[in-house]
């Protein structure tokens, strides 16, 4: 093991949040910043081409996690994609730019996350929208079927919304997307790549974090394994500016802070491997207890969705943008103040197997975006290279089941509208044999899937199960923060990439303020 480096800030994880922090913290030329990223410096061509996002799932830039068996889904394991390269999951996500309903963030503040209300975050949403290119999908040659979806929703009485990020989120309309001229504009393109030539910023790829190093209760750095880069297996490009070290187990010291940005699956795992978590769990693995924090790995959750597919009468035009340009945010029952359902329209078949037989098909993806179900992240072993035990507890709460059934019925009503009548032949999935609520529930349990919005496992708060305080500092220790979707008390009611970037933007200000203070 070697220890020959020292930086002011060590950012563990070069994904969405890590890229933002690298950009903002290294803006001060007097600050030395290191980013440790387990992924390679090779960027496949499918990352930059917005319509090709689905080709990355299961590829070398996807961790390709699997959950433990899910009782709510009949014991199925669920595939959980996460990005494994600089820019992280912002290279895999479907590029929807959705802030979330203002009540999402106000509820965080009501529950003890002071400083994280919508009003507090609005300046950071505006800042990121000035950094990351955001366009209206409806103004850039959208797929004609995306307009048909909006027309069908309006026919059924849903209002048209000009911008889901504006004053009113409930209704149908065009997504704002992180796309420019058909090119993805995620955290890699918008935040990390533009600053890789800064002399005070080091990006170390193929660097797998093993544990945090503590001197007493202060985090002094990180132990990591520098791996040998693999040969590229596809067309693409190499990042200019990555700086790998010699292979082997290495340590690096942080003189100011260590910032964990590994996401809702890996961040709690790293804390546990470092002796931060429920004491009984740590002792079970014979790990030293640095801080007894029983909330580490608790409150893990994710949006959940499924897919309806209908065959079209004519060939569907190829996608120019992100394949999902229009949507409906809806209420599962009257009287709610914020949407708990999202119905995304996709102008390709949702299911690959069905799509092979019926390539000319379109899909509606009904999903619950305010889930009640909560699960856990647990260590599988003390091997840092082994994935943790991932349990989102999908459909564990019956309220989520009821709302999924309602969302499927809404989707069917849209496909049955006059607007769609001339464009569709028949429903392929779930198909005409699925009619009663009980049959729809069975379909949902057989077909419900990950929405790619993992969150909550190191949440902000002031209670005994909170992992980080309102300034994102890990409770019970010094010198370490967590900045990623794991700190969300509850995932926002929409695609959550935008909220992750806003969290990182605000975290950068908190860190800079602490340094100057």
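In this note's numbering, the protein residues as written are 242 to 758.
Built from N, CA and C at the ideal position, the CB exists for glycine as well.
Start and end of the beta strand (DSSP E) containing residue 644? Looking at the DSSP string, residue 644 is not in any beta strand (DSSP E); the run it does join, the alpha helix (DSSP H), is 639-656.
Quick one: complete beta strand (DSSP E) runs, 3+ long, within the stretch 266-309? 274-277 and 283-285
Please work out which residues of its chain come closer than 7 Å, Cβ to Cβ, to residue 629, disregarding the five sequence neighbours upstream and downstream, and give them in chain order. 506, 510, 618, 619, 620 and 621
Quick check on the DSSP output: what are the complete beta strand (DSSP E) runs of length 3 or more inside the stretch 406-491, in order along the chain? 412-415, 442-445, 448-456, 459-467 and 477-479
Name, in chain order, the residues that DSSP records as bridge partners for residue 311. 317
Residue 659 - containing alpha helix (DSSP H), residue span: Per DSSP, residue 659 is one residue of the alpha helix (DSSP H) stretching across 659-662.
Looking at residue 357: is its Cβ nearer than 8 Å to the Cβ of residue 711? yes
Leaving aside the five residues before and after residue 565 along the sequence, list all residues of the same chain whose C-beta is less than 6 Å from its C-beta, in chain order. 335, 585 and 587
For residue 479, count neighbouring Cβ atoms within 10 angstroms of its own Cβ and tell me buried if that reaches 16, exposed if not. exposed
For residue 277, which of 450, 709 and 557 has the nearest alpha-carbon? For residue 277, the closest alpha carbon among the candidates 450, 709 and 557 is that of 450.
Taking C-beta to C-beta, are residue 497 and residue 250 nearer than 8 Å? yes
Residues that DSSP places opposite residue 757 in a beta bridge: DSSP lists no partner for residue 757.
Anticipated Cβ contact below 8 Å, residue 562 with residue 292, distance rounded: The Cβ separation is near 7 Å, so the contact holds.
Assign residue 341 to buried or exposed, taking buried as 16 or more other Cβ atoms, counted over all protein chains shown, within 10 Å of its Cβ. buried
Tell me whether residue 198 sits in a helix, a strand or coil according to DSSP, three-state version. For the chain, the structure presents residues 242 to 758; residue 198 sits outside this window and is missing.
Measuring only the C-alpha atoms, how far is residue 735 from residue 610? 6 Å
Can you give me the Cβ contacts of residue 462 inside the same chain, cut-off strictly under 7 Å, excluding the 5 residues immediately before and after it? Sequence-distant Cβ neighbours of residue 462 in its own chain, meaning closer than 7 Å and more than five residues away, are 251, 454, 492, 493, 494, 495 and 499.
In the DSSP assignment, find the beta strand (DSSP E) that holds residue 511 and state where it starts and stops. Note, residue 511: premise wrong, no beta strand (DSSP E); alpha helix (DSSP H) at 504-514.
Environment of residue 757 [buried if 16+ CB atoms lie within 10 Å]: exposed
What is the residue span of the alpha helix (DSSP H) that residue 395 lies within? 385-396
Residue 364, DSSP secondary structure in three states: helix
Bridge partners of residue 607, per DSSP? In the DSSP secondary-structure assignment, residue 607 is bridged to 584.
What separation, rounded to the nearest whole angstrom, lies between the Cα atoms of residue 399 and residue 575? 13 Å
Short of 7 Å in beta carbon distance, which residues of its chain neighbour residue 644, apart from the five on each side in sequence? Order them along the chain. 573, 581, 582 and 609
When burial is assigned at 16 or more other CB atoms within 10 Å of the CB, is residue 639 buried or exposed? exposed
Could you tell me the distance, in whole angstroms, from the CA atom of residue 719 to the CA atom of residue 387? One C-alpha to the other measures close to 50 Å.
Reference residue 741; option with closest CA among 550, 749, 751 and 724: 724
For residue 541, the nearest candidate out of 396, 444, 558 and 728 (CA to CA): 728
With respect to the alpha helix (DSSP H) encompassing residue 346, which residues constitute its N-terminal and C-terminal limits? 343-351
Just to confirm the assignment, what range does the alpha helix (DSSP H) spanning residue 684 have? 678-688
Which residue comes first and which comes last in the beta strand (DSSP E) that contains residue 703? Segment: none, residue 703 is in no beta strand (DSSP E) and carries neither H nor E.
If you drop the 5 nearest sequence neighbours on each side, which residues of the same chain put their C-beta closer than 6 Å to that of residue 242? At residue 242 the pLDDT is 42, less than 50, meaning the model places this residue with poor confidence and gives no usable figure here.
Given this structure, state the Cα-to-Cα distance separating residue 698 from residue 527, to the nearest angstrom. 22 Å
Taking the beta carbon of residue 512 as the centre, do at least 16 other beta carbons fall within 10 Å, making it buried, or is it exposed? buried
For residue 325, is the classification buried or exposed, using 16 other Cβ atoms within 10 angstroms of its Cβ as the cut-off for buried? Here residue 325 is buried. Its C-beta has 16 or more other C-beta atoms within 10 Å.
Put residue 242 into one of helix, strand or coil per three-state DSSP. With a pLDDT of 42 at residue 242, under the threshold of 50, the modelled position of that residue is not reliable, and no figure is offered here.
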